[in-house]
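>
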Amino acid sequence: MGLLVNQQDRRSELQERIAAELREKAKASGLQEKASLDGVEDVKYLEDTKQTTTLAPAWIIIVIMAAVVVGMFLMQGR
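Under our numbering, the letters of the sequence shown match residues -14 to 63, in that order.
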């Protein structure tokens, strides 16, 4: 039992040391400052996209109906 607790302590110390190193690297590279931005620079991926049309509910109903038809077809084979 004592060995198990000792191993868990070593793991937590190792994890703490790794976390501290990662925080230092993040501070050095300025990633923390970039993460605080509101996403203005990330808007480029939205440039050529479209908003969902009013036909989206119709497509959902069509997919549900197709699933029901497939289900009925499979149940009929029994």
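We put the CB at the ideal spot given by N, CA and C, even for glycine.
What is the rounded straight-line gap between the Cα of A11 and the Cα of Q36?
Looking at the two C-alpha atoms, the distance is approximately 36 Å.
> Rounded to a whole number of angstroms, what is the C-alpha to C-alpha distance between L(-1) and A13?
So the alpha carbons of these two residues sit roughly 21 Å apart.
> Taking the continuous alpha helix (DSSP H) assigned at Q36, which residues delimit it?
Note, Q36: premise wrong, no alpha helix (DSSP H); not H, not E.
> For R60 and A41, what's the separation of their Cα atoms in angstroms?
Strictly speaking, residue 60 in this sequence is Met, with Arg absent from that position. Looking at the two C-alpha atoms, the distance is approximately 29 Å.
> May I have the straight-line CA-CA distance separating I3 from G15, to the nearest angstrom?
Taking the straight line joining both Cα atoms gives about 18 Å.
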